[in-house]
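Residue numbers (the working numbering): 16 to 342.
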Amino acid sequence: MRLRTPLALLGAAVLVLVGPPLLTTGSGSETGTQIPGLRFMVPNTPGGGYDITARTAAKNAEDAGLTHNIEVFNLPGAGGTVGLSRLVSEHGNGKLAMSMGLGVVGAVRSNDAPKTLGDTTPIARLTEEQDVVVVAKDSPYKTIDDLIGAWKENPGKLPVGGGSSPGGPDHLAPMLMARAAGISPKQVNYIPFDGGGELLASILGNKVAFGVSGVGEYLDQIKAGELRLLAVTGPKRVDGLDAPTLKEAGYDVNFTNWRGIVAPPGLNDAERDKLVKLVEELHDSDEWRGSLEQNGWDDAFLTGEKFGAFLDAEDKRVVSVLKELGL
């Protein structure tokens, strides 16, 4: 099964830590976006949303001539908090950034991590996307009502898989879905995986009854018929996909995920501004706009201090939702 990795041309999905790549020249030198030796950390396994976002952003930035030879590498563990700890330890390193999102916010809380996103330098929020509710092609559940009906009969015997730790998007979405269906969230048998790549094998192998993950992670498998899409979690149907929203199906859920970029603490103004400038130019590029459409991502661009304030608000939201759900 081919995982969705739009940046396969960059090389293997997992890149080991090596010395800084050679700098080449290009239009980025004129726009002030060249960052020689830039490395992009993915804090979960290959094939997940952070991985796809990082590799897409890196390739688009290179194709647009903004900078060159970006190294993308995976450092998975504990829902992204292993990578977060590594990032925070790289104090003052203006040549390192990390792909992240709501899942890391939740993982910090669920793992009681010693380092938080408040310890990082916020760079930008890039995208927003809906989660999808999917089953394997040979699953007995043909519709979302089929699934919900069986789930209500015996919640504990229908395990749901997600690519994030408790408190992350793939955990919160099915918990909200359960509550809307009249199932106590405490009865839900949620199995966390370290990213959508790990989750996929368990869905296809029927080791979980259904899975919840980002739409961009499983587009290929849905379109190839390997996964059956039952519903999407956001406010509107996804173009090109034949599935209702949960609200349309009668379940009062409206939930979306987001992803962005943070950098180590201790950057000087010039280093921080250069990273922000790079993502601003990336955001305005034709290459990035094409990738948004291809992956079913919504533009949710927000930079610098405004993104930092958003991160603080998201942390409070996760705590509030977990408390509201009794978790």
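Where is the CB? At the ideal position from N, CA and C, for every residue including glycine.
Since we're looking at a predicted model, the values are computed, not measured.
For residue 283, the number of other beta carbons within 10 angstroms of its own is below 16, and it is reported as exposed. Taking the Cβ atoms as the reference, residue 141 lies roughly 7 Å from residue 315, within the contact range of under 8 Å. Excluding five sequence positions before and after residue 117, the CB atoms of its chain that fall closer than 7 Å to its own CB belong to 183, 184, 272, 273, 329, given in chain order. Here the alpha carbon of residue 135 sits roughly 12 Å from the alpha carbon of residue 119. In the structure shown, residue 105 falls within a coil segment according to DSSP collapsed to helix, strand and coil. Between residue 319 and residue 294, the C-beta gap is not smaller than 8 Å, which leaves the two residues out of contact. Restricting attention to 77, 99, 279, 235, the CA atom closest to the CA of residue 298 is found in 77. Rounded to whole angstroms, residue 168 and residue 91 show a C-alpha spacing of 36 Å. When secondary structure is reduced to three states using DSSP, residue 124 falls in the helix class. Within the stretch 202-242, complete beta strand (DSSP E) segments of at least 3 residues are found at 205-207, 225-229, given in chain order.
Separation of residue 73 and residue 100 (C-alpha to C-alpha, rounded to the nearest whole angstrom) is 22 Å. Beta-bridge annotation (DSSP): residue 82 is not paired with any residue.
Measuring C-alpha to C-alpha distances from residue 322 to each of 107, 278, 64 identifies 278 as the nearest.
When the alpha-carbon of residue 110 is set against those of 296, 288, 300, the nearest one is in 288. DSSP places residue 272 in the uninterrupted beta strand (DSSP E) bounded by 271-278.
Where residue 145 is concerned, there is no enclosing alpha helix (DSSP H), although the beta strand (DSSP E) around it starts and stops at 136-151. A residue is called buried when at least 16 other Cβ atoms come within 10 angstroms of its Cβ; residue 308 does not meet this threshold and is exposed. When the five nearest sequence neighbours on each side are left out, the beta carbons in the same chain lying within less than 6 Å of the beta carbon of residue 193 are those of 200, 203, in order along the chain. Counting other Cβ atoms within 10 Å of its Cβ, residue 155 stays below 16 and is therefore classed as exposed. Ranked by Cα distance from residue 147, the options 229, 242, 175 are led by 229.
A Cβ-Cβ distance of about 20 Å is found for the pair residue 268 and residue 218, leaving them out of contact under the 8 Å criterion.
Around residue 105, the same chain offers 111, 279 as residues with beta carbons nearer than 7 Å, after the five sequence neighbours per side are excluded.
Between the alpha carbons of residue 237 and residue 244 lies a gap of roughly 7 Å. Taking a contact as a CB-CB distance under 8 Å, the pair residue 163 and residue 196 counts as one, their CB atoms being some 5 Å apart. In this structure, residue 212 sits near residue 63, with a CB-CB distance shorter than 8 Å.
Rounded to whole angstroms, the separation of the alpha carbons of residue 102 and residue 113 is 7 Å.
Annotated as proximal: residue 311 and residue 231, with beta-carbon spacing under 8 Å. When C-alpha distances from residue 186 are compared across 121, 252, 313, the shortest belongs to 121. DSSP places residue 114 in the uninterrupted beta strand (DSSP E) bounded by 111-116.
Along the length of the stretch 163-194, whole beta strand (DSSP E) runs at least 3 residues long occupy 175-177, reported in chain order. Contact check for residue 302 against residue 79 passes: the beta carbons are separated by less than 8 Å. Membership of residue 328 in the alpha helix (DSSP H) is indicated by the continuous run 319-339. Counting only the Cα atoms, residue 334 lies some 31 Å from residue 71.
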